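What follows is one structure encoded as structure tokens, with my remarks underneath.
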Amino acid sequence: MKRLLPVLPLLACVIGVQLLCSATDTLYYLTQMTMSAYYSLLIIALCVLMGYAGQISLGHAGFFAIGGYISAALTTHSLIPYGDNGLVKFLDSSGMLLSGQSLYGEELLVVSPGVACVVAVFTAAVIAVFIGIPVLKLKGHYLAMATLGFGIIIYRVVLAVEYFGEADGLSEVPAFPLFAGLSVSGNFVDRVQNYYIAWGVLLLGMILLLNLIDSRVGRGLRGVHGSEEAADAMGVNTSRYKLQTFVLSAVFAAVAGVFLTHYNGGIGTSEAGVMKSVRYVAIVAVGGMANLWGALLMGVVLNFLSLRGVFGSYDDAVFGLILIGIMLFAPNGILSISVRYHLLRLLGKNKQDDGKEA
Amino acid sequence: MKKFATKILMAVVAVSLFAGPAMAETIKVGAILAATGPASFLGGPEARTLEMLVEEVNANGGINGNKIELILKDSAASPEKAISFAKQLIEEDKVLAIIGPSTSGETMKIKNIAEQARTPLLSCGAAEVIVNPVASYVFKTPQKDSYAVKKIFMEMNKMGISKIAVLAGNTGFGKAGKGQLLKIAPEFGIDVVEVEVYDKKSNDLSAVVAKIKANKDVQAVINWSIVPAQAIVPKNMRQAGWDVPLFQSHGFGNIKYVEAAGAAAEGIIFPAGRLLIADTLPADNPQKGVLTNYIKNYEAKFNEPASTFGGHAYDAFAILMAAIAEAGNDRDKVRTAIENMKNFAGTGGVFNFSKEDHNGLDIDAFQMMTVKDGKFVAYEK
Amino acid sequence: MTSELFIQYLLAGITYGSIYAIVAIGFNIIYNATGIINFAQGEFVMFGGMISISLLQFMPLPIAIALAVILTMLIGALIEICFIRWLKGPSVLRLIIITIGISILSREVAVHIWGESIRSLPYFVGNEITSIPVFGARISPQVLWVVAVSALMVVALGIFFKTTSVGREMRACASNRKAATLCGINTANMVTLSFILSAGMGALAGCVMSPITYSQYDMGTGLAIKGFTVAILGGLGSAGGAVAAGLLLGVIEAFSVSVVPLAFQDAIAITILLIILFIRPQGLFGSKEASALKEF
Numbered sequence: 276m277k278r279l280l281p282v283l284p285l286l287a288c289v290i291g292v293q294l295l296c297s298a299t300d301t302l303y304y305l306t307q308m309t310m311s312a313y314y315s316l317l318i319i320a321l322c323v324l325m326g327y328a329g330q331i332s333l334g335h336a337g338f339f340a341i342g343g344y345i346s347a348a349l350t351t352h353s354l355i356p357y358g359d360n361g362l363v364k365f366l367d368s369s370g371m372l373l374s375g376q377s378l379y380g381e382e383l384l385v386v387s388p389g390v391a392c393v394v395a396v397f398t399a400a401v402i403a404v405f406i407g408i409p410v411l412k413l414k415g416h417y418l419a420m421a422t423l424g425f426g427i428i429i430y431r432v433v434l435a436v437e438y439f440g441e442a443d444g445l446s447e448v449p450a451f452p453l454f455a456g457l458s459v460s461g462n463f464v465d466r467v468q469n470y471y472i473a474w475g476v477l478l479l480g481m482i483l484l485l486n487l488i489d490s491r492v493g494r495g496l497r498g499v500h501g502s503e504e505a506a507d508a509m510g511v512n513t514s515r516y517k518l519q520t521f522v523l524s525a526v527f528a529a530v531a532g533v534f535l536t537h538y539n540g541g542i543g544t545s546e547a548g549v550m551k552s553v554r555y556v557a558i559v560a561v562g563g564m565a566n567l568w569g570a571l572l573m574g575v576v577l578n579f580l581s582l583r584g585v586f587g588s589y590d591d592a593v594f595g596l597i598l599i600g601i602m603l604f605a606p607n608g609i610l611s612i613s614v615r616y617h618l619l620r621l622l623g624k625n626k627q628d629d630g631k632e633a
Numbered sequence: 022m023k024k025f026a027t028k029i030l031m032a033v034v035a036v037s038l039f040a041g042p043a044m045a046e047t048i049k050v051g052a053i054l055a056a057t058g059p060a061s062f063l064g065g066p067e068a069r070t071l072e073m074l075v076e077e078v079n080a081n082g083g084i085n086g087n088k089i090e091l092i093l094k095d096s097a098a099s100p101e102k103a104i105s106f107a108k109q110l111i112e113e114d115k116v117l118a119i120i121g122p123s124t125s126g127e128t129m130k131i132k133n134i135a136e137q138a139r140t141p142l143l144s145c146g147a148a149e150v151i152v153n154p155v156a157s158y159v160f161k162t163p164q165k166d167s168y169a170v171k172k173i174f175m176e177m178n179k180m181g182i183s184k185i186a187v188l189a190g191n192t193g194f195g196k197a198g199k200g201q202l203l204k205i206a207p208e209f210g211i212d213v214v215e216v217e218v219y220d221k222k223s224n225d226l227s228a229v230v231a232k233i234k235a236n237k238d239v240q241a242v243i244n245w246s247i248v249p250a251q252a253i254v255p256k257n258m259r260q261a262g263w264d265v266p267l268f269q270s271h272g273f274g275n276i277k278y279v280e281a282a283g284a285a286a287e288g289i290i291f292p293a294g295r296l297l298i299a300d301t302l303p304a305d306n307p308q309k310g311v312l313t314n315y316i317k318n319y320e321a322k323f324n325e326p327a328s329t330f331g332g333h334a335y336d337a338f339a340i341l342m343a344a345i346a347e348a349g350n351d352r353d354k355v356r357t358a359i360e361n362m363k364n365f366a367g368t369g370g371v372f373n374f375s376k377e378d379h380n381g382l383d384i385d386a387f388q389m390m391t392v393k394d395g396k397f398v399a400y401e402k
Numbered sequence: 349m350t351s352e353l354f355i356q357y358l359l360a361g362i363t364y365g366s367i368y369a370i371v372a373i374g375f376n377i378i379y380n381a382t383g384i385i386n387f388a389q390g391e392f393v394m395f396g397g398m399i400s401i402s403l404l405q406f407m408p409l410p411i412a413i414a415l416a417v418i419l420t421m422l423i424g425a426l427i428e429i430c431f432i433r434w435l436k437g438p439s440v441l442r443l444i445i446i447t448i449g450i451s452i453l454s455r456e457v458a459v460h461i462w463g464e465s466i467r468s469l470p471y472f473v474g475n476e477i478t479s480i481p482v483f484g485a486r487i488s489p490q491v492l493w494v495v496a497v498s499a500l501m502v503v504a505l506g507i508f509f510k511t512t513s514v515g516r517e518m519r520a521c522a523s524n525r526k527a528a529t530l531c532g533i534n535t536a537n538m539v540t541l542s543f544i545l546s547a548g549m550g551a552l553a554g555c556v557m558s559p560i561t562y563s564q565y566d567m568g569t570g571l572a573i574k575g576f577t578v579a580i581l582g583g584l585g586s587a588g589g590a591v592a593a594g595l596l597l598g599v600i601e602a603f604s605v606s607v608v609p610l611a612f613q614d615a616i617a618i619t620i621l622l623i624i625l626f627i628r629p630q631g632l633f634g635s636k637e638a639s640a641l642k643e644f
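Chains as they are written, first to last, in the numbering used here: chain A, 276 to 633; chain B, 22 to 402; chain C, 349 to 644.
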């Protein structure tokens, strides 16, 4: 439970940022803060996979894209032409469909966002299981290449399949109504509530992961990372822990994909690209492989800067430089141990148990 | 005496207060272009064109004495960046209007944002869905691809061609073109017997050329693409000893692709804006002055040949400036000014906007062209 | 399928295949000496093509190509010395990430030097429409150049590793680095040498294929992925395996056009790779015992 204490100051920060932006009339910063929060959701999960379970994934943009694309496709492709189909009728009568009008007056009958979200995340989880079982038996370069290959296949599929909009991707994705009048949408008026939705989801994810790494599973995972053989010999079911973490991180990525797609009102092929996956790995590396807080901080900061166009035409170059610089000079992440140590001591915790080289 | 001085002082203050707004102000214009990344062959020339034009306008004293400030954002063809930048430009920088994005996919993502925020958007994307259905604040400057398709099919009818193969690149441009080709072909009694989509990074297409060549029905090939790979198709066709007519799209409108295809480019037939044959236009052509001027300035400044892609950005900028000159620094008035603009000669053609048509170009904006001795010339038969 | 079409597909496959094979051999050279998969291998090919095209304005073609190869070798050496040499016992994950970073940086450097447009060397013989008949099919003479240069490189490399003392020392490093160090071989220099060699091979490939495929700043990534696929298919570290696997993948891709839409062509190669990784990670032609000895 001690691990959860830093969540409170974070919550205070989140509220503080919003109040500050409101006070200074700069609420527009929240747009990129919201987007960064969703990307960070993927990044913290990847951090657990890479830093704690020791498994690299160069294909996590693929899971993000599975989530985003499936929910976007289901909520935008009108089912009116298939209105006589038995399945469509059944779905309609059980309230899983949504009828309405597009912005330009066209009649629509689509799957409701809630159902689409469940389908999307479930699909990502199933694919993660099927991919994870064989892939996680591999190590080192083979693992990197296999996950990269998975990412490329997803990219190829969304680029080639008409249902996913080919090169144009999907647009005009409707808002995602949650509960109590909240809804995920990019409308200018909904900005503040969306900021809180995004950060709420991120905080929930963070709490879940912090609990996980402190649990039996987490200790087992760190064993896997330290020495898989030793952990195996101690009776830790290593392959099962690895798979569970892999699937969990895929689910996080898919959830991030679903929410961000509804927030942006669309998704394009760039979300599935190899560069995106590399970028996520870079951010985890910068934050320090086995450092959830570092990954969260870097995820928010770097995505925020990138989405605001601070790096201009040098966006990719900056990420390349960061990658090399960090890996050469500070393989444990930018929040190197001493700073972290002091920070943790300030927060009333001085155990140093996860500062090992990734 | 004291009273008099106070009165004068008040008068001065009042005058300066009134004069303030009328004096030079800076008008902010946003641009979201794919200057780097996978669509940089579009965004690169577009971004350079805009930089050049802003310099020119400001050196000439601006529009009605107001300086133009261009805020250029490089989206690298990522829709999520385009979305973020669009919101940023609209609310934070409070730009008057946005030029771009370069691709149709990005434009479709921010179409609703511009509409919601009542900010004029002048897209350089090709696909027709950008302006159909019409969104009142969204315009586009590249010619409609359906007109290019019709122009090609009209030529085919004349040549007696009825069975064709279609190749397309897997970009937004290729996708939209392929859709129009398949949709419009029956109207002209043309039968599409083979369809293939190739990757934008393809570097050899001899296998797929062999495949469609094996279909003896094919009388002509249409290659609809905007990427460098479109220079590879003609090479692979000619190397395979296949000499059926090859038609390409207006995406071929860059002399670099002709240079890349070399001898294989000879005889390719394609529709394009008149930018490519500006020097051979008669003096009374309304576009002549605009075109020669743009080409001269661009080539002098950047030491590379001007392309129709840069021309799309030129048109967007020129239209916007004309609207600002008429309507001032007001989003709604500028939008209305653009919608009512008639007979505006740009690089892509003569624009006639209306409430229903936010592209403003008709089929005559296209001219059939061919390649002869490594140069673009008007196609006549 | 007519015999003419069959041969045309086969020839197209051999063209792709030779290119993949050269890139894969570049991977193997470095992998053998260091245990690193150099994700920036494709960028060597790009640099070779781009530099030779720039040099062509000042000198005749053969000299431009030779100079481009030498310059790219220098780049290779620089990369190794700056980014790899001084790391003490780095983990595999760290090396993967570093080479990915180098690949991204090289691409960015290239786009800011040469811009986004495509360039190409002229055809060595004839021009864009010259073709020679082969059993009823037709191919460009440049294809023969690509195949011949690839074959020559494989043979030359074999001779180098078998007969020269430096080559033997490199092989010693490849099979057991510790033992090689104990025998007085300077393993650090051998690693640099492996980067130089593989950069040179990549650059030469980049020059020969440039007339066919064009050169562009971002051509490296796609090639690297294909080359990597082939290297693993053939068994990491095996040059002969790389040639066989390269040709196999090229031919499969060419023939796949007749059954699967072209848009999925890349996905096919990757799917094959994944299947191979899952059922036979030592590669089609590698032996299980040998791969068990490798470090990962």
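C-beta atoms are modelled at their ideal positions from N, C-alpha and C, and glycine is treated no differently.
Bear in mind that the values here come from a model prediction, so they are computed numbers and not experimental data.
Sequence-distant partners of B/Ser183 (beyond 5 residues in either direction) whose C-beta falls short of 8 Å from its own C-beta, in its chain, are Met177, Gly210, Ile211, Asp212 and Gln240. For A/Trp474, there is no enclosing beta strand (DSSP E); the enclosing alpha helix (DSSP H) covers residues Arg466 to Asp489. Boundaries for B/Gln388: no alpha helix (DSSP H) harbours it, while the beta strand (DSSP E) harbouring it runs Gln388 to Lys393, taken from the DSSP string. Excluding sequence positions up to five before and after A/Trp568, its CB lies less than 6 Å from no other CB in the same chain.
In the DSSP assignment, A/Phe454 is bridged to no other residue.
With three or more CB-CB distances shorter than 8 Å, the segment 585-593 of chain A counts as touching the segment 454-461 of chain C. Residue pairing from DSSP places B/Glu217 in a beta bridge opposite B/Leu188. Shown here for C/Leu584: same chain residues with a beta carbon closer than 6 Å to its own, the five before and five after excluded, namely Tyr379 in chain order.
Think of a sphere of 7 Å around the beta carbon of C/Leu353: the chain B residues whose beta carbon falls inside it are Ala231 and Ala235, in chain order.
Every beta strand (DSSP E) stretch that sits fully inside the segment 308-385 of chain A and reaches 3 residues is listed by chain position as 372-376. For A/Asn566, the nearest beta carbon of chain B is not closer than 8 Å to its own beta carbon. The shortest C-alpha to C-alpha distance from B/Pro122 to any of A/Asp443, A/Met310 and A/His335 is the one to A/Asp443. Assignment of C/Trp493 by DSSP, reduced to helix, strand and coil, places it in the helix class. Taking 7 Å as the Cβ-Cβ cut-off, the segment 409-421 of chain A approaches chain C at Pro409, Leu413, Lys414, Gly415, His416, Tyr417, Ala419, Met420 and Ala421, given in chain order.
Exclusion of the five residues before and after C/Leu541 leaves Ala381, Val514 and Met518 as the residues of its chain whose Cβ lies within less than 8 Å of its Cβ. By alpha-carbon distance to A/Ala348, the top candidate from A/Gly370, A/Ile482, A/Lys551 and A/Val448 is A/Val448. Annotation for B/Asp95: the continuous beta strand (DSSP E) segment containing it runs Lys88 to Asp95. In the DSSP assignment, B/Ile243 falls within the unbroken beta strand (DSSP E) covering Ala241 to Trp245.
Only Ser604, Val605, Ser606, Pro609, Leu610, Ala611, Gln613 and Asp614 from the segment 604-625 of chain C bring a Cβ to less than 9 Å from some Cβ of chain B. Each of C/Gly588, C/Gly374, C/Leu426 and C/Leu359 was checked against the Cα of C/Asn537, and the nearest Cα belongs to C/Leu426. Burial state of B/Trp245 is buried, judged by a 10 Å Cβ sphere holding 16 or more other Cβ atoms. Beta-bridge partners of A/Ser446 (DSSP): A/Gly541.
Close CB contacts of B/Asn350 within its chain, under the 8 Å cut and outside five residues either way in sequence, are with Glu46, Ile48, Asn87 and Leu117 (chain order). Inter-residue distance for B/Asp394 and C/Ser523 is about 57 Å (C-alpha atoms, whole angstroms).
For B/Pro292, the secondary structure class from DSSP, reduced to helix, strand or coil, is strand. Here the alpha carbon of A/Leu571 sits roughly 26 Å from the alpha carbon of A/Met420. Residues of the segment 443-457 of chain A with a C-beta atom less than 9 Å from some C-beta of chain C do not occur. When C-alpha distances from A/Val556 are compared across A/Thr513, A/Thr544, A/Lys517 and A/Pro606, the shortest belongs to A/Pro606. Here the alpha carbons of C/Leu622 and C/Arg628 stand approximately 10 Å from one another. At a cut-off of 8 Å between beta carbons, B/Gln137 contacts chain A. Closest in alpha carbon position to C/Ser351, among C/Ile450, C/Ile401 and C/Phe483, is C/Phe483. C/Ile480 carries a strand assignment under DSSP once its states are collapsed to helix, strand and coil.
C/Thr420 is a Cβ neighbour of C/Ala547, given a cutoff of 8 Å.
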